[in-house]
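Worksheet: one structure, shown below.
Residue numbers (my numbering), protein chains in the order written: chain U, 5 to 124; chain R, -17 to 140; chain L, 114 to 645.
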């Protein structure tokens, strides 16, 4: 490290990894990981979400897991909560859909309407 | 005649360090268990510092010992933060269990009882150390139970 | 990218309560459930919870678990990390306020302010990158590339920071003395020989954020023209020693220590020196003697170390907490630092609360916070419904504070006014079930043991005081003993060679002043019994 620019490059990279501990996330993404969700493929959905966030360098999203939401037939379920505390629930999410949710909803702010599930 | 080649190696190891005496004494003690007259005399020759001075250093610091110690060194804290959390009761229980006073070693050579200076673990006071392990939130019963475990361990390893 | 970070507090307190075994069990459980790529385990410094066993916090959920045992780990993994269900029986909701504030949540009560401890319990202390992510080494980069050494001294002077080892000497002024010396070689020493009973702030800073101290030392080196530093640390502080050595290695590998830093021509190297167990070595000239491989006996002063120090060269000796403040002062400026604390004592102060208190441990508050706020708000009062008898501020050499001092602001000037001081920042709280005369005997036992023996007043004075107190506590005291103790104590204060002998009488005189009745009652009962 010989310049302040070198130092800042390290800083930016490390900040991204630590972002989840700062609680400043604009979007909170939670994957239902009950037995039903996992049986329906939630683990792969989780991996896809983490991978996509990392690839896109998104810093203001936090990912967590939650239990069964009570509609096991709709699993895997993914919920995205925005800064306004509005939660959108997506159902029957495949790894590909999960990537789309990250790209459209979390990065660009557009809800992926064709996969939205109304929990009523 | 005691083998002193390790002393030579340790002195050699610190040849690049400025004023390394305390490091040398620490490592030699680790190797030989305590700092005997023979060892100290040999170090004095090697580092060219008068034996009187080396003896002065070896007896000044509490982590050095010029006497052999027990297999397990029990160090009780009795500084004020432990004291107000009843460390004296713990110490009394340990003394009566081991049958020795502070600075003494049990006849079987298993335990040496000492005081420790404050370890800064006052939030879990009272505390004691057994060799390098630290135990907190002690009661007289808990302390004796811990020492009983060590006694068993000492017997099975003997 | 990980979906969860599990922070596990690895400090001496939690290790004493089994943190290592829990960490290993957690790593095994994550491995067995194939979660190692998704969940990152980070060992951090103290999380600010001290007497509740092993402490974990799971992010981003910000859920704290306390009293975690090896057998609980499987449940935390299967319930929380896999299914997202909080394990309520271990859940700790009374999150330390400083952490809540640090993490952006609303603080429950805003008494604490974290400057020195801003990284402790937040970052992985073994990760240079995480330190850098939170502005680490930016002050050093800024100073070396845009500031002259005298500018650095100037900011430190203007900030008004005083030495946090206990003497509260203005740091900037000390630096300017060494900077003015012409010498081939100068040294920076970090005094980490923390031995004052009840004090563990330096250890938690070193365990939780070692790079902040390293960066502070490099800045001090640049300011005064020293290219070599030593960290003198208690031999008992194994974890701090390991973390420091690793941090020095990482900083050196990344060009943040060593030759020609930031292409400025300034070089700085660091070495850790371990003590071998001697309370007196916290005194700066005794410490220097010890680094020189000798008995740690204090030197005659003057000359002071900034003129003649280690191996006869100009030397700055600063406390850990002082040095950890320096990078932020350089980065954020003197005005920012002065915005905290009082006019005469700017900044924050780290205190360790110990003894008969509900919520013991380490806190950081602005200078000037009252004793009542510290004991009753942050410390949550005295356990078992007992009353407050006294507090001792600054370790065993500290002054005695009683009920009437509860609303006194804890600042250098306010305590100086009543003939006391902040000392090391250890706050011993003593409840009213304790026998004050026996407590004083305990204090004197300590001094008698720790006196280095160089001067007669301290060596013999403490010995005689101990005899008098033992006699009184054995029920054989005489009223004349009280005056004798006072005479002896005052003589020691005036005539002892170094700070230890001068400070030892402080708590004795304090107790004799505020609790004289207890002494008189005890001696009175003894005299009655003897006469009967």
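All C-beta atoms in this analysis are idealised placements derived from N, C-alpha and C, irrespective of residue type, glycine included.
- Comparing alpha-carbon positions, the option among 385/L, 360/L, 291/L, 379/L lying closest to residue 304/L turns out to be 385/L.
- Residue 462/L: member of the beta strand (DSSP E) spanning 461 to 468, first to last residue.
- Residue 79/R sits in a helix when the DSSP states are folded into three classes.
- Burial check for residue 618/L: the Cβ neighbour count within 10 Å reaches 16 or more, so the residue is buried.
- Per DSSP, residue 31/U lies in no alpha helix (DSSP H); the unbroken beta strand (DSSP E) holding it starts and ends at 31 to 36.
- The residue among 493/L, 460/L, 468/L, 469/L with its C-alpha nearest the C-alpha of residue 480/L is 460/L.
- The beta carbon of residue 114/L falls within 7 Å of a beta carbon belonging to chain U, placing the residue at that interface.
- Beta-bridge pairing by DSSP links residue 346/L to 305/L, 387/L.
- Secondary structure at residue 146/L: coil, using DSSP grouped into helix, strand and coil.
- Under the criterion of beta carbons closer than 8 Å, residue 452/L and residue 312/L do not qualify as touching, at roughly 27 Å.
- Straight-line measurement puts the Cα of residue 334/L at about 11 Å from the Cα of residue 370/L.
- In this model, residue 496/L and residue 15/R are separated by some 44 Å (Cα to Cα).
- Around residue 38/R, the beta-carbon contacts reaching into chain L at under 7 Å are 408.
- Rounded to the nearest angstrom, the Cβ distance from residue 291/L to residue 427/L is 5 Å, consistent with a contact under 8 Å.
- The C-alpha of residue 549/L is placed about 8 Å away from the C-alpha of residue 632/L.
- Taking C-alpha positions only, residue 44/R is separated from residue 407/L by approximately 14 Å.
- Taking 7 Å as the cut-off, the Cβ atoms of residue 168/L and residue 162/L count as close.
- Spatial neighbours of residue 36/U in its own chain (CB-CB distance under 8 Å, excluding positions within 5 residues in sequence) are listed in chain order as 46, 69, 70, 71, 72, 73, 79, 80, 81, 82, 83.
- Against residue 6/U, the close residues of chain L are 368, 375, 376, in the order they occur along the chain (beta-carbon pairs closer than 8 Å).
- Using a CB distance cut-off of 7 Å, residue 144/L does not count as an interface residue toward chain U.
- Fewer than three beta-carbon pairs drawn from the segment 188 to 208 of chain L and the segment 312 to 326 of chain L are found closer than 8 Å, and the two stretches are therefore not classed as touching.
- Contact with chain U is absent for residue 261/L, since none of that chain's Cβ atoms lies less than 7 Å from the residue's Cβ.
- Per DSSP, residue 476/L lies in no alpha helix (DSSP H); the unbroken beta strand (DSSP E) holding it starts and ends at 474 to 479.
- Under the 7 Å criterion on CB atoms, residue 45/U is classed as non-interfacial with respect to chain L.
- As for any beta strand (DSSP E) of minimum length 3 sitting wholly inside the segment 156 to 205 of chain L, the runs are 169 to 172, 176 to 178, ordered along the chain.
- Residue 81/U does not reach chain L, its nearest Cβ partner there being about 12 Å away, counting only Cβ pairs nearer than 7 Å.
- Within the segment 66 to 92 of chain R, 66, 67, 70 place their CB atoms closer than 9 Å to a CB of chain L, listed in sequence order.
- With a cut-off of 8 Å on Cβ pairs, the segment 175 to 185 of chain L is in contact with the segment 129 to 138 of chain L, counting three or more such pairs.
- Around the beta carbon of residue -5/R, a 10 Å sphere encloses fewer than 16 other beta carbons of the protein chains shown; the residue is thus reported as exposed.
- Here residue 583/L carries a helix assignment [DSSP, helix/strand/coil].
- Residue 274/L counts as buried, since at least 16 other C-beta atoms from the protein chains shown sit within 10 angstroms of its C-beta.
- By the neighbour-count criterion, in which 16 or more other beta carbons inside 10 Å mark a residue as buried, residue 90/R falls on the exposed side.
- Take residue 422/L, set aside five residues on each side of it, and the residues of its chain with a beta-carbon closer than 7 Å to its own are 300, 401, 428, in chain order.
- For residue 87/R, there is no enclosing beta strand (DSSP E), as DSSP gives it neither H nor E.
- Bridge pairing for residue 153/L: 118/L [DSSP].
- For the segment 536 to 600 of chain L, the continuous beta strand (DSSP E) assignments of 3+ residues that do not extend past its boundaries occur at 539 to 544, in sequence order.
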